[in-house]
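Going down the list, the protein sequences come from chains P and H. Start counting the first sequence at 291; every next residue gets the next number (our numbering). Start counting the second sequence at 45; every next residue gets the next number (our numbering). Taking it in order: structure first as structure tokens, then the write-up.
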Amino acid sequence: MIAGSFFSRYIVSTDHKTVGKQYLWAGLVFLALGGFLAMLLRWQLAFPGARVPLVGGLLFPESGGALSPDVYAKVFTTHGLVMIFFAITPVLIGAFGNFVVPLQIGARDMAFPRLNAASFWILVASQLLALASFLAPLGTASAGWTSYPPLSTNVGTPGWGQSVMVLALLVNGFSTVLGGVNLITTVIRLRAPGMGWLRLPATTWGMFLTSILNVTFVPVLGSAALLLLLDRHLGTQFFIAGASARAGGGDPIAYQHLFWIFGHPEVYILILPAWGVVTDIVSFFSRKPAFAYPLTVGAMIAVTALSGLVYGHHMFVAGLGPMLGQAFMALTLVISIPSAVIALNWLQTIWRGSVRLDSPMLYALGVIIVFGMGGLTGVLLGDLSLDVYLHDTMFVVGHFHLIMASATFLASFAAIHFWFPKLFARRLDENLARAHFSSSLVLLILVFGGQMLAGYSGQPRRLFDPYQYEFLKPLLPLNRWTSYAAFALATAQLLFVWNVVRAFWRGARETDPNPWRVGTLEWTCAPTPVPVENFAEVPQVQRGPHAFDAALQASLGRDFLGQAELVSEAKPQSVGVK
Amino acid sequence: MNALGVGLPPDASIDAGRLDVVLHDALFAVSAIFLGCLAVLLVALVRHGRRHTAAAESGATAGKMLRSAGVALGLLGIVDGALFVNALRHPTGALADFAEADKLPGVVRIELNAHQWAWDARYAGADGVFGTADDVTSLNRIVVPEGAPVLVELAATDVIHSFFVPALRLKRDAVPGRIGTVSFTATTTGTFEIACAQLCGVNHYKMRGELEVVSPSEYATWLARGSDLATRGYDPDDKSAHWAWPWMAAR
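Structure (structure tokens):
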């Protein structure tokens with residue numbers, strides 16, 4: 291193999307930046323797949339039983355090009371799994387955790403570079419397994435992304451498609467846990483001299499806390515997946531009860547406990563990196579230090595700690611005792627307070643700043659808006675008595691999509707637009723980015739707001755044809771408009787695709803190592819493109835990540851100090867290696 | 045109800061009305077918080093744009109942190125606290141003390157067995173004991189008298205289902221291997237839909253039932269006639285029809 295060939299540079303590389311880019315592309319491909327599946331769902335809710343245009347004849351010839359109830363179940367099941375495990379996690383945590391964290395802490399690579407590359411290839415294996423499940427004679431998984439038994443056992447879902455999908459989750463879990471161990475070790479052991487805990491950029495904090503949650507709770511999902519596979523193939527009955535049980539059987543509710551002990555922290559696994567990215571970007575583009583930064587970090591830690599104690603609210607109607615329900619309700623409501631602290635700190639960072647509405651800041655502002663909507667509606671669902679009505683309705687679907695889909699989606703795009711110059715030494719077009727951002731933000735709110743209105747009116751989720759119910763028939767116009775917004779949202783993503791293609795095809799080369807004029811190490815101590823091992827010499831960190839002061843303008847001609855810059859040596863031009 | 049069809053389903057029980065008040069109060073409170081914050085954000089974006097010189101602030105003084113924590117605690121602490129106290133004060137059907145409710149005079153007891161893809165209901169009949177010849181059974185239809193407390197014991201044969209009556213604002217999972225309980229008091233006569241709210245297989249979307257709320261005298265007539273028919277049609281050898289379980293109070 292020739293050194294520097296495509297294969298050695300891009301396939302077997304252990305460089306954290308290359309691994310990060312691999313995660314990015316692998317995640318974006320599955321994001322497109324998950325989005326396509328969502329369009330099929332919205333088509334069915336808008337035009338139940340009608341032939342799917344363009345692709346229907348090709349994909350569903352046996353049902354005349356329309357979705358059948360069975361296919362609909364497969365589509366919403368795989369939409370959820372693909373988005374959570376194979377798209378958002380790789381993009382937000384895999385790509386930016388890998389690319390940004392070592393650079394931000396002044397490390398030359400991850401603590402275990404080979405393990406890091408292995409984590410990525412294990413992810414690819416899990417993605418291939420997920421795709422393989424579609425080839426099963428009875429089709430892929432169809433018991434919902436939550437895969438509740440007994441429906442997800444052979445009692446309700448025979449065939450190897452469901453098994454291979456559960457196996458894919460198990461393999462995916464290995465990738466996530468190994469990646470998490472690596473990132474935790476990296477942040478604890480490889481911080482540059484002077485990089486104290488409160489000098490860590492918020493992005494790194496978010497990735498660090500999320501990795502702690504991954505390492506703690508993904509193995510619980512793994513155990514549930516393993517027991518489910520045993521039930522499906524080795525005749526055990528951990529989760530089987532009722533008419534199919536022999537000799538007493540097991541308990542389906544035990545699975546729900548295992549699933550949600552993982553499942554609720556998973557929400558925070560996805561949102562903590564987003565909070566971190568937004569905290570940094572809001573400070574950078576307001577040209578002001580992050581407001582009450584230690585409190586923001588403390589609130590993120592509090593949320594991380596609380597996240598494992600609230601999962602019972604997913605089981606309010608499953609038969610928890612009233613005392614247990616009230617305890618979970620209290621803990622769930624309490625978690626809104628540190629979350630609100632983080633959001634209020636963003637507002638106070640922006641207040642009296644000098645705000646630049648560059649594309650990363652626009653996406654970050656979008657995160658604040660959709661997170662506000664999603665978080666505040668979550669308060670309603672945390673209430674035991676309101677949840678009894680709203681549980682398993684489209685209200686829940688709209689609520690969690692505002693957080694797990696909209697906020698993480700916009701945060702991913704904030705990160706992509708912010709680090710793109712450093713990642714690829716290219717510039718994305720600002721006009722295209724503005725068009726993509728504004729259309730996406732409006733349409734995300736319309737789609738998931740529409741879903742919440744349907745849920746408020748009582749529409750249960752996961753219904754192939756809601757209009758079987760008399761009380762849901764009047765909701766057809768609402769569901770149609772929601773679907774039109776969803777189709778427009780999907781179309782708007784072409785703006786981003788075109789922006790990326792354009793950047794590589796004929797976009798301007800980015801030669802400025804610090805185009806955003808900010809002080810964190812990846813911008814001030816590493817050249818663009820970043821070489822293997824990142825830094826010529828390991829930076830000596832002097833201060834926190836958000837050192838902005840307009841008064842510096844007079845002496846230095848800029849309003850910020852690099853994290854590793856010595857004030858006595860500060861020069862009037864921008865810091866950063868040319 | 046409006047052009048888009050948005051609106052709460054009709055309200056047919058004591059708890060539904062109470063819950064709607066809480067729901068709308070909570071929606072109002074969180075909307076006010078959201079719009080207030082959005083207004084602050086918009087003012088900041090308009091007034092403190094690129095031309096505005098950023099205030100020289102150290103972001104991390106103790107005063108700033110106290111202020112932020114205090115505002116968060118003030119805004120959401122009030123909403124959270126109100127919701128929590130309210131949930132304790134007004135337990136809905138799912139929260140009610142089932143053993144206490146079982147002692148109420150005139151209580152109507154129903155056993156409901158969910159399976160793919162239908163609801164099997166059973167009434168104890170004239171003798172008040174489940175699993176006897178005079179049990180009244182009914183498919184995808186529950187009849188209850190207006191104004192009387194109703195207790196439902198829920199079970200499932202195959203997979204998890206969820207008993208959802210939008211007009212009662214009530215939902216409870218039916219789990220194989222367990223018996224769940226739910227209670228309500230209907231206040232409006234009429235027919236209301238029962239939906240399955242938990243994915244239960246291919247025909248989940250067709251698992252529709254009806255709750256019929258009738259006057260107490262109509263109910264008594266219906267039950268007596270059903271009990272009479274059941275007794276005459278009873279077949280001791282038809283084991284599949286004998287799916288009743290001992291009522292909780294009798295266990």
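Where a beta carbon is used, it is the ideal one built from N, C-alpha and C, also for glycine.
Counted within 10 angstroms of its Cβ, other Cβ atoms place residue i as buried (16 or more) or exposed
i	result
H:HIS299	The displayed coordinates of chain H run from 45 to 295. Any statement about residue 299 of chain H would go beyond what the structure contains.
P:PRO821	exposed
P:ILE301	exposed
P:PHE297	exposed
P:LEU851	buried
P:MET613	exposed
P:ALA705	buried
P:ALA816	buried
P:ILE374	buried
H:ASN46	exposed
H:ARG133	exposed
H:PRO280	exposed
P:ILE551	buried
P:PHE838	buried
P:ILE632	buried
Same chain, Cβ closer than 7 Å to residue i, neighbours up to 5 away in sequence not counted
i	result
P:THR622	VAL600, HIS603 and GLY672
P:ARG752	PHE366 and GLY434
P:ALA723	SER649, HIS707 and ASN789
P:GLY745	LEU680, THR683, MET684, PHE685, VAL686, VAL687 and GLY688
H:LEU139	Only weak support exists for where H:LEU139 lies, its pLDDT of 48 falling under 50; the value from the coordinates is given anyway. Same-chain partners within the cutoff: there are none.
P:SER465	SER409, ILE412, LEU413 and SER416
Neighbour flag for residue i against chain H, beta carbons, 8 Å
i	result
P:MET590	no
P:PRO764	yes
P:MET455	no
P:ARG332	no
P:MET663	yes
P:THR368	no
P:GLY847	no
P:SER773	no
P:GLN832	no
P:PHE337	no
P:PHE296	no
P:ASN635	yes
P:SER747	yes
P:GLU859	no
First and last residue of the uninterrupted beta strand (DSSP E) at residue i
i	result
H:PHE228	224-229
H:VAL258	253-258
H:ASP217	214-218
H:PHE207	205-209
P:HIS681	P:HIS681 -> no beta strand (DSSP E), and no H or E assigned at all.
H:GLY234	234-240
Spatial neighbours of residue i in its chain, beta-carbon cut-off 6 Å, leaving aside the 5 residues before and after
i	result
P:LEU670	LEU676
H:ASN130	VAL66
P:VAL309	ASN388, ASN406, ALA407 and PHE410
H:ILE238	VAL209, GLY253 and LEU255
Same chain only: Cβ atoms within 8 Å of residue i, ignoring 5 sequence neighbours per side
i	result
P:HIS726	PHE703, ALA782, GLN783, LEU785, PHE786 and ASN789
Bounding residues of the alpha helix (DSSP H) (the contiguous stretch that carries residue i)
i	result
P:GLY370	359-371
P:PRO584	583-597
H:HIS96	H:HIS96 -> no alpha helix (DSSP H), and no H or E assigned at all.
H:ASP164	H:ASP164 -> not in any alpha helix (DSSP H); beta strand (DSSP E) instead, spanning 162-167.
P:SER728	720-746
P:GLY324	306-336
P:THR781	766-796
P:VAL669	649-672
H:PRO193	Segment 193-200 is the beta strand (DSSP E) holding H:PRO193; no alpha helix (DSSP H) there.
P:PRO403	403-422
Minimum Cβ-Cβ distance from residue i to chain P less than 8 Å
i	result
H:PRO189	no
H:GLU101	yes
H:GLY277	no
H:ILE58	no
H:MET292	no
H:PRO280	no
(request) Could you name each continuous alpha helix (DSSP H) segment of 4 residues or more that falls completely within the stretch 470-548 of chain P, going from the start of the chain to the end? (result) Here the runs fully enclosed are 492-523.
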